[in-house]
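K.L.:
Below: one structure in structure tokens.
In our numbering, the protein residues as written are 288 to 446.
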């Protein structure tokens, strides 16, 4: 068995809905913090872009390790790379997100069943196969895409 069709499809296309969701929202507006203790649209996108690199490293470790790796919880607010990426431009972040995802999808769609069955331990969700890790990543991304959708909708409604 190969990578499931649903995972393969979402891996290739889910992130592209971001462009549709942001239709009618200016680059200036994506930086607006609508709620003081919540991320702006831009910060959410930076999180997605940065976490994409984290998941690539974790999956690489799962694929290469002889033993089942144990991962710590990821916290963007304490990640110096996330904080540094927040200083980059919207265009740079979007370009990296799209380019990295294209390469990521191409690589992961070639995985064989033996690799998909390899496991890693998540601090909250426990032992997961590589296929489940990909599902986790995509569901996490979808959650944030919906948060962006809601914020973008409020911004469009204010016009």
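Don't be surprised by glycine CBs; every beta carbon is placed ideally from N, CA and C.
As the structure is a prediction and not an experimental result, all values here were calculated from the model.
In whole angstroms, give me the CA-to-CA distance for residue 335 and residue 431.
P.N.:
Their Cα atoms are separated by approximately 8 Å.
K.L.:
How about the stretch 323-330 and the stretch 420-428: do they share at least three Cβ pairs that are nearer than 8 Å?
P.N.:
With a cut-off of 8 Å, the stretch 420-428 and the stretch 323-330 do not count as touching, because too few Cβ pairs lie within range.
K.L.:
Which of the three DSSP states, helix, strand or coil, is assigned to residue 376?
P.N.:
It is coil, neither helix nor strand.
K.L.:
I'd like to check one pair, residue 420 with residue 448: are the Cβ atoms closer than 8 Å?
P.N.:
Here the chain has residues from 288 to 446 only, and residue 448 is not among them.
K.L.:
Rounded to a whole number of angstroms, what is the C-alpha to C-alpha distance between residue 287 and residue 302?
P.N.:
The chain is shown only over 288 to 446; residue 287 falls outside these bounds and no answer can be derived.
K.L.:
Would you mind working out which of 438, 380, 413 and 435 sits nearest residue 357, comparing C-alpha positions?
P.N.:
Checked all of 438, 380, 413 and 435; the closest Cα to residue 357 is 413.
K.L.:
Assuming contact is defined by CB atoms lying nearer than 8 Å, are residue 308 and residue 395 in contact in what I supplied?
P.N.:
No, these two residues do not count as a Cβ contact at 8 Å.
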